[in-house]
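Everything below concerns the one structure shown next.
In UniProt numbering, the protein residues as written are 1 to 477.
Laid out in structure tokens, this is it:
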């Protein structure tokens, strides 16, 4: 079985990256259509409740799964031919954790409902969907290590279609007076079925068994990532939760909707990162640092250009997706995209930390940024409204990035990437964020800049096509 899997579907990291990106754009495109659909079917209050539910699911998923998915990358190198047995054994820990949390959710559902500020009926669903998410994250990492992008895209497409279809039925016909619950139930049920299928797939390949060796290896790498994962979610989700508590469901809905545009950017960058990390690990093992440096430079510039393009069209995306009732979201979408851009750059440097298994340093840097985020949001959201959260979170993501740049340099002994290029990209995207804010109502100027920039990029790419082909060939090997 492992030998066959070594013959990757994509044949190369760059091809797998394209498969992930195209597939994710297709499946997430369905999700965006559902965002538009449910934004119109649900009140801003119901929309805010559902997004708060989703935030808690993301947080608990890290705890229930102990972030063990991050150890799969290293296990692929350290346990050649045994990755299936390793993943099968890890799922037993997740199952045990889920049982404990499910009992607590049932016994203390009233207290948890008040503490989390969500309806009581959602407390159990948070645990169930968190479990399914944790299993799915392990499986996605497993598929990524073999570049099995077609399987990944197929599951994603099934989930997107089933989740949207069930949610639509529940929201419109079964729970018209509690549409937030219909939406939550519609996303949870298909994900749970997918998780059950994944467990069957793992157990079919390797019988699940308690393994002190595998568990010790996994927990040593993964446990420090739990505070890192929670801190990442604080950076990405705490602002929404605090807006709900301080300003109400409607403000949370407006802010959450703007985050969906940042999600467009994350779809592409996460897809590319799924292919980049396995390629990076292999090149590090081969000590091909020059190849990493050249390809990393091209990668960073390309994704920076993507960020600027989205900044220029983001107000129109908001209005097309949500209509006039979400017009206020236009004031926060640009700093949200900037924060998402900083989060992408972090992944370039976190790969270094993951490769050397320095997960404690990863957690330390991310926890520091998360604490700063909590403090700044606590100070500025009550005073300046939900708009302040976008700026404080973007600033915290910048701090988060700079901390991990320092850690990556310390661990490896020198910079792997050309830092003048990286910092030039940071300054350029930051400057364009404020230019776009200034031109938020100047439709023709923003689109004129976009078209001129695309023309300039095409001319530059054509003149440097030989160099680009060489760099892309390095990434594909």
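Positions of the beta carbon are idealized from the N, C-alpha and C atoms, including for glycine.
| said: Short of 8 Å in beta carbon distance, which residues of its chain neighbour residue 428, apart from the five on each side in sequence? Order them along the chain. | reply: Cβ-Cβ distances below 8 Å link residue 428 to 304, 308 in the same chain, with the five nearest sequence neighbours on each side left out; the list follows chain order.
| query | Out of 301, 219, 335, which has the shortest C-alpha to C-alpha gap to residue 420? | reply | 301
| field | Whole-angstrom distance between residue 288 and residue 330, CA atom to CA atom | value | 44 Å
| request: Would you check if there are 3 or more beta carbon pairs closer than 8 Å linking the region 62-78 to the region 350-367? | output: yes
| query | Going straight from the alpha carbon of residue 87 to that of residue 225, what length do you get? | reply | 17 Å
| Contacts around residue 84, its chain only, beta-carbon distance under 6 Å, and the 5 residues preceding and following it disregarded | 205, 206
| request: Out of 246, 241, 338, point me to the one whose CA is closest to residue 481's CA. | output: Lying before the first or after the last residue shown, residue 481 is absent from the chain, which here runs from 1 to 477.
| query | How big is the Cα-Cα spacing for residue 2 and residue 122? | reply | Low per-residue confidence applies at residue 2: pLDDT is 42, beneath 50, and the placement is therefore not dependable enough to give any value.
| query | Quick one: any contact between the region 91-102 and the region 156-175, if contact means 3 or more CB pairs under 8 Å? | reply | no
| task | Could you pull out every unbroken beta strand (DSSP E) segment of at least 3 residues lying fully inside the region 59-89, listed in chain order? | result | none
| task | Can you give me the Cβ contacts of residue 366 inside the same chain, cut-off strictly under 7 Å, excluding the 5 residues immediately before and after it? | result | Once the five neighbours on either side are set aside, the close Cβ partners of residue 366 are 228, 231, 232, 400.
| Beta-carbon spacing of residue 222, residue 370 below 8 Å | no
| request: Below 7 Å CB to CB, which residues in the same chain sit around residue 155 once its five sequence neighbours on both sides are set aside? | output: 194
| Does the region 312-321 touch the region 399-414, meaning 3 or more C-beta pairs lie closer than 8 Å? | no
| query | Closest by CA to residue 351, which one among 449, 409, 94? | reply | 409
| CB contact flag (residue 247, residue 386, <8 Å) | Contact flag set, yes.
| request: In angstroms with no decimal places, state the Cα-to-Cα distance between residue 458 and residue 436. | output: 22 Å
| message | Suppose the cutoff is 6 Å on Cβ atoms and the five residues either side in sequence are ignored; what does the same chain contact list for residue 198 look like? | response | 135, 139
| message | Just verifying my parser: in three-state terms, what is the DSSP assignment at residue 207? | response | coil
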